[in-house]
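A quick write-up on the structure given underneath.
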Amino acid sequence: MRINACWPLGAPDRDVDEAIAAVEAWLQARGLPPRFKLTDGVFAPADLDHRLAARGYAPTKETLVMLGPTGGQGSDRVVVSTTPDDAFEAVFTATAGDPEDGRERLETLRRIPAPARFARLDIDGGPAAIGASAVSGGLAGVFGMRTAPAHRRQGLARLVLRALLAEAAALGADRAWLQVEADNAPAIALYADEGFEPAYRYRYWAR
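Residue numbers in the sequence shown follow the UniProt record's numbering, run continuously in steps of one, and reach 207 at the last position.
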């Protein structure tokens with residue numbers, strides 16, 4: 001699972017290779033694969049990526065984190081609730097490239113603490129696009145943006161995003177953040193058009 005990873009933001013208090021081995025042992029003792037989250041220009045020590053590569057680790061796809069404003073006008077076409085319903089879950093799992101990863105991500109969404117919002121847009125009585133958000137400390141996180149393959153490139157994701165941002169503003173958030181794969185040009189263009197700007201990039205290293 002993505003959330004089970006070491007995020008090294010400062011130099012360790014011991015030899016670097018000993019620190020890596022300690023992280024590996026801690027995760028493996030809990031039945032978890034060792035993973036490291038390296039944020040561009042932030043991880044320490046500066047050669048950690050080379051050290052991980054020497055131990056057989058390889059980077060996953062790069063993820064871009066973007067920041068933008070909340071507010072705006074929602075759409076009455078978008079249904080917003082406080083829990084994910086069966087229709088939401090159906091779209092989420094159907095659009096997951098890896099079924100196991102999709103199930104893990106869905107379980108993570110279910111655990112989002114209140115106040116959380118789950119948005120769904122239906123076409124012809126069936127779910128077509130979804131998204132979720134959570135607000136904490138004046139900042140909203142946007143997660144799980146998905147559009148069913150048959151309904152892509154119709155502007156549905158934009159409507160879902162706007163509904164979530166309007167809800168976030170109503171809940172007291174004035175800024176929002178989201179994550180997107182760095183090679184997903186259409187999604188990045190959509191978010192940029194809605195006022196989001198790049199904040200930082202990261203990769204997970206696993207073996």
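Every residue gets a Cβ at the ideal spot worked out from N, C-alpha and C, and that includes glycine.
Could you tell me how far apart the beta carbons of residue i and residue j are, in whole angstroms, since I believe they sit closer than 8 angstroms?
i, j, result
"Gly-195", "Gly-10", "Actually they are not in contact, since the Cβ atoms of Gly-195 and Gly-10 sit about 32 angstroms apart, beyond 8 angstroms."
"Thr-63", "Ala-182", "6 angstroms"
"Val-142", "Leu-159", "About 14 angstroms separates the two Cβ atoms, so there is no contact after all."
Using the Cβ count rule (16 or more neighbours within 10 Å means buried), how would you classify residue i?
i, result
"Leu-32", "exposed"
"Tyr-200", "exposed"
"Trp-205", "buried"
"Ala-185", "exposed"
"Met-1", "Confidence at Met-1 is low in this model, with a pLDDT of 41, below 50, so its placement is unreliable and the value that follows should be read with caution. By the 10 Å Cβ count, Met-1 comes out exposed."
"Asn-4", "exposed"
"Gly-144", "buried"
"Gly-128", "Strictly speaking, residue 128 in this sequence is Ala, with Gly absent from that position. Ala-128 should be labelled buried."
"Ala-176", "buried"
Going by Cα to Cα distance, which pick from the options is closest to residue i?
i, options, result
"Phe-88", "Asp-183, Arg-117 and Tyr-57", "Arg-117"
"Trp-7", "Pro-34, Gln-154, Ala-25 and Ala-29", "Pro-34"
"Asp-15", "Phe-143, Asp-40, Arg-51 and Leu-27", "Arg-51"
"Tyr-57", "Gly-71, Phe-36, Ala-173 and Gly-74", "Phe-36"
"Pro-115", "Leu-171, Gln-28, Glu-24 and Leu-161", "Leu-171"
"Ile-123", "Ala-157, Phe-143 and Glu-107", "Ala-157"
"Gly-125", "Leu-161, Gly-155, Ile-112 and Arg-77", "Arg-77"
"Ala-19", "Asp-85, Arg-30, Gln-73 and Arg-55", "Arg-55"
Report yes if the C-beta distance between residue i and residue j is below 7 angstroms; otherwise report no.
i, j, result
"Leu-109", "Ala-134", "no"
"Arg-203", "Thr-60", "yes"
"Arg-146", "Val-79", "no"
"Leu-139", "Ala-173", "yes"
"Ile-130", "Arg-120", "yes"
"residue 231", "Ala-187", "The requested residue 231 does not occur in the structure, where the chain is confined to residues 1 to 207."
Within the chosen definition, does the stretch 156-176 reach the stretch 46-58 through at least 3 CB pairs nearer than 8 angstroms?
Cβ pair count under 8 angstroms is below three, so no.
Hey, is the stretch 150-165 in contact with the stretch 52-67, meaning 3+ C-beta pairs nearer than 8 angstroms?
The stretch 150-165, when compared against the stretch 52-67, does not touch it at the 8 angstroms Cβ threshold.
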